[in-house]
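In my numbering, the protein residues as written are 1 to 194. Cβ atoms here follow ideal geometry from the backbone N, Cα and C, with glycine treated the same way. Below is one structure, written out as structure tokens; the observations come after it.
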Amino acid sequence: MNTSTQDTALRSTLGSREGEAKARIQAGLQLVLLALAATSVMPAGGRAQEEAPSAVRAIPGITAEDPFPGACVSCHVVLPDGRDVRVSTMMTRWTETVDPPLLAHARASVGPGTRLAGVHPEVASALADIPGGCLSCHRDPSSPAPPFSRLMHQVHLTGGEESTFLTMFQGECTYCHKLDATTGAWSIPSGPEP
Ligand code: HEC
Ligand code: HEC
Ligand code: HEC
């Protein structure tokens, strides 16, 4: 008899009450192990505490520094390598043509009754206040503009390893959504490009 068949045989001969007893012993053992684990991270002269993993996850703007306090316009800039990913630059392109992947996200964000042309209307004035100026259409249910409450998540949070926002920026919600720790209110900062 190998160990696993022995084990099966053993389990089938064990009455349900014996099984319960076994579970209780296991639960007790887990408690002891938990207690031991807790003792080992106790501040024993400071050293153990230093070596213990941090209990608080680094969340930008909440438990860690926020490198993008202005949200959209802090991150969509001319990059050090010269690539221009500013919203105004993208907008100039969209008024001529929209790349198929972005258009697919936009279509997925609107109801089936809305047909998108794949060309953005001229909205120069909206660029003075990003995303506030955009939201005047992109939050208005009577506008054909895809709601940002969907489009922004489609664009930044889907695509897995193909998405730079997920790989480079870990998909951090707080790069856009900012918490006011005093009131508990969430908001998205808005303003012109630097
Ligand atoms: C911390 C950085 C960061 C912030 C903040 C940010 N974005 Fe982005 N955004 C990205 C990255 C990275 C991508 C490219 C995602 C990918 O690889 O598909 C992107 C993609 C986009 C795209 C799609 C571009 C395309 O051609 O497919 C749009 C539109 C966009 N962002 C608008 C915004 C707006 C509007 C805001 C503010 C509400 C914002 N972003 C906030 C980093 C950011
Ligand atoms: C006057 C209303 C209005 C304003 C303001 C506006 N948009 Fe739009 N947006 C639209 C409409 C309408 C569409 C759908 C266009 C289409 O049919 O493809 C759209 C679509 C988009 C799309 C999907 C791609 C496309 O063109 O279909 C993106 C991305 C976008 N808008 C970003 C922005 C950003 C960023 C701002 C602010 C700088 C902004 N929009 C301001 C009306 C507006
Ligand atoms: C790139 C910027 C960006 C990122 C990243 C982002 N959001 Fe948002 N989110 C927005 C915008 C823009 C809106 C629409 C705000 C409005 O309409 O006033 C929004 C709206 C929302 C809403 C309201 C939805 C509704 O239907 O009204 C929720 C909930 C939300 N976000 C959750 C999240 C969570 C959770 C994450 C992270 C996993 C996240 N967001 C990441 C930009 C972002």
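- Inter-residue distance for Cys75 and Ala108 is about 24 Å (C-alpha atoms, whole angstroms).
- For Cys75, the uninterrupted alpha helix (DSSP H) run begins and ends at 72-75, by DSSP.
- Nearest to Phe169 by C-alpha distance, out of Pro67, Gly82, Val123, is Pro67.
- Secondary structure of Val78 (DSSP, three-state): strand.
- Rounded to whole angstroms, the Cβ separation of Val85 and Val77 is 7 Å, and the two are in contact under 8 Å.
- Beta-carbon to beta-carbon, Glu193 and Ser125 are separated by about 13 Å, too far to satisfy the 8 Å threshold.
- The set of residues with any CB-heavy atom separation to ligand 3 below 5 Å comprises, in chain order, Arg139, Phe148, Ser149, Met152, His156, Cys173, Cys176.
- In terms of CA proximity to Phe148, Val110 leads the group Val110, Glu122, Ala117, Lys178.
- Our two residues, Gly118 and Cys134, have alpha carbons roughly 17 Å apart in a direct line.
- One thing to note: Lys178 has its Cβ within 7 Å of the Cβ of Ser187.
- Rounded to the nearest whole angstrom, the C-alpha separation of Arg57 and Gln154 is 25 Å.
- Looking at the DSSP output, Asp84 sits in a beta bridge with Val78.
- Between the C-alpha atoms of Leu127 and Pro144 there is a straight-line separation of about 19 Å.
- Secondary structure of Ser125 (DSSP, three-state): helix.
- In this structure, Pro80 keeps its C-beta atom at 7 Å or more from the C-beta atom of Thr174.
- Distance from the C-beta of Ser109 to the nearest heavy atom of ligand 1 is not below 6 Å.
- Distances between the C-beta of His76 and the heavy atoms of ligand 2 are all 6 Å or more.
- Cα atoms of Thr183 and His138: separation of roughly 27 Å, rounded to the nearest angstrom.
- Apart from sequence neighbours up to five positions away, the residues of its chain that approach Thr63 with a beta-carbon distance below 6 Å are Val56, ordered along the chain.
- Counting the other CB atoms within 10 Å of its CB gives Glu96 a total below 16, which places it among the exposed residues.
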